[in-house]
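Residue numbers (our numbering), protein chains in the order written: chain A, 46 to 302; chain B, 46 to 302.
Note that CB positions come from ideal geometry on N, CA and C, so glycine has one too.
All of these numbers come straight from a predicted model, not from anything done at the bench.
To start, the structure under review is shown below, and the notes come after it.
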DNA sequence: CGACTATTTGATAGGACTCAACCTCCGTGG
DNA sequence: CCACGGAGGTTGAGTCCTATCAAATAGTCG
């Protein structure tokens, strides 16, 4: 089962025909090595990319050389559903590890959404969640301390990986280097290192060799003031144990554009 | 001429019929006082709001009481074009000054977009720019120093106000208190005060009693590493003097959803 | 005039940065 | 097989930017 199918299944129960349509659209797989940019379009004029394996990020460079990582993409995430122009403002998509991705030409993607309204709705959810995630990162950078930011990011990525079944026994791959964590959180690499040590000393996580072990999610999320609502994940055991967020209807209303 | 018409005119040349349609849709005007929340829907189930005068912001509160201002809205800006649910994650819309706004019920807005494809395209541009602005704020909070952040925000708001003709002789209304600037930039009010004094001492700006005087935009934007491309403003004298950003086609391609 | 909010100033503390060195792990090639 | 080099991670010392606390001043509105 492709990651996009898993991800869309977070929002709708895909019919067999829908699964087939998605799988067919994701047929063309490309690979890039860690650190490489993911080209805006490996096929022709405009394409939507879906991460199949590995992790990628969107980042922006300042003229003084500093880099800000804007967002992270995990398997099942769509990239560029809203990018309308080829020159998207020196924002680039970059692989954080070896990345496999599917590329769907824009026309084929439009067809997929037109032929399957429920898929279109789920894709809209993805775009909406991406924006909400961006806002949550903004809150982190503006209001959270170093250890809270780091804890928050780890909580988020952990749940997002869990949503596409990439967590096993509280362990998942997390290929970010400390330098990349630093650029994502607006901190120095040295400080990331020390803060990471604090989190380890508190017995909240283990993180080494690109693998994250979640030892105490509850404490970590309390420290981070992490409220997973914005991710709109399917209700897992974890979420069910917490207060139910039934306030969120699962079916998106007709969108305004 | 309503601010929404002015704003849309940044992207398309509105025909008389289109102007009329927009003006008609914006007929219902509401007012809130500074500091008040702007209700999600003053009419009925779901409505799009357009700032007519004054400024508003979207903000989020953390459980520890800290507040992050996510974005600022100036006259002509649309709010909630993408908000699909009524419980939008403790994110609230708040007036920064006395605000007049028009509220268009969702069905009427959909009709407006359907009847006038060029208006729909321009509205998409607005949503796209809003997202780009969010990313730019993220870069600010992550990578810019206090004085750079403040300079960047002032540059942005100044140009946005200019785009709707609210700048006269390099002066515009800017009703943000220092506390609000602090919450927008992730800094303490005290530090905002001192940083503001630095900018004044450098003769870059004057800011007092809710009015901003831009004395040296070039120096301010250099200090901020400000690149206005992301705002996609119409080419003004200022922009024409700089390198032309003709790379951006003005007409948005068919969007993917 | 008094109450309130917004701004300003001073003093001190602390969180995060910088610089610099060292260590560890791996893949490469002599 | 081991030396080498490079990338990523770790540690220490010192500094700086920004926060905090506290109090005074200015401005506003009834």
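Sub-8 angstroms separation of residue i and residue j beta-carbons
| i | j | result |
| --- | --- | --- |
| residue 149/A | residue 66/A | no |
| residue 144/B | residue 96/B | yes |
| residue 174/B | residue 244/B | no |
| residue 115/B | residue 136/B | yes |
| residue 186/A | residue 186/B | yes |
| residue 260/B | residue 248/B | yes |
| residue 279/B | residue 55/B | yes |
| residue 209/B | residue 52/B | yes |
| residue 138/A | residue 124/A | yes |
| residue 183/A | residue 276/A | no |
| residue 172/A | residue 91/A | no |
| residue 221/A | residue 212/A | no |
| residue 102/B | residue 117/B | yes |
Residues bridged to residue i (per DSSP)
| i | result |
| --- | --- |
| residue 145/A | 76/A and 98/A |
| residue 218/B | 256/B |
| residue 105/B | 113/B and 136/B |
| residue 123/A | 95/A |
| residue 150/B | 92/B |
| residue 279/A | None; residue 279/A has no bridge partner. |
| residue 250/B | 259/B |
| residue 350/B | Residue numbering for chain B in the displayed model covers 46 to 302; residue 350/B lies beyond these limits and cannot be assessed. |
Own chain residues within Cβ distance below 6 angstroms of residue i, not counting five before or after
| i | result |
| --- | --- |
| residue 268/B | 196 |
| residue 254/A | none |
| residue 76/A | 145 |
| residue 27/A | The first residue shown for chain A is 46 and the last is 302, placing residue 27/A beyond what the model contains. |
| residue 106/B | 112 |
| residue 237/A | 223, 226 and 227 |
| residue 48/B | 97, 120, 121 and 209 |
| residue 232/A | 191 |
Span of the alpha helix (DSSP H), counted from its first residue to its last, around residue i
| i | result |
| --- | --- |
| residue 111/B | Where residue 111/B is concerned, there is no enclosing alpha helix (DSSP H), given that its DSSP letter is neither H nor E. |
| residue 197/A | 191 to 208 |
| residue 166/B | 162 to 188 |
| residue 63/B | 61 to 70 |
| residue 263/B | 262 to 269 |
| residue 48/B | 48 to 53 |
| residue 223/B | 223 to 230 |
Where the beta strand (DSSP E) through residue i begins and ends
| i | result |
| --- | --- |
| residue 242/B | It is not in any beta strand (DSSP E) - residue 242/B instead sits in the alpha helix (DSSP H) that spans 234 to 246. |
| residue 136/A | 136 to 140 |
Assumed close pair residue i, residue j - CB separation to whole angstroms, cut-off 8 angstroms
| i | j | result |
| --- | --- | --- |
| residue 180/A | residue 57/A | Not a contact, Cβ separation roughly 24 angstroms. |
| residue 93/A | residue 126/A | 6 angstroms |
| residue 13/A | residue 198/A | The structure shown does not extend to residue 13/A, since chain A is modelled only from 46 to 302, so the question has no answer here. |
| residue 251/A | residue 258/A | 4 angstroms |
| residue 270/A | residue 109/B | 7 angstroms |
Chain-order list of residues whose beta-carbon lies under 7 angstroms from that of residue i (same chain, five-residue window excluded)
| i | result |
| --- | --- |
| residue 131/B | Caution applies to residue 131/B, whose pLDDT of 48 falls short of 50 and renders its modelled position unreliable; the value that the coordinates give is listed next. For residue 131/B, where only same-chain residues beyond five positions count, the Cβ hits under 7 angstroms are 85. |
| residue 234/B | 223, 224 and 227 |
| residue 188/B | none |
Close beta carbons around residue i, own chain, < 8 angstroms, minus the five adjacent residues each side
| i | result |
| --- | --- |
| residue 256/B | 216, 217, 218 and 219 |
| residue 147/A | 47, 49, 70, 71, 72, 73, 74, 75, 94, 95 and 97 |
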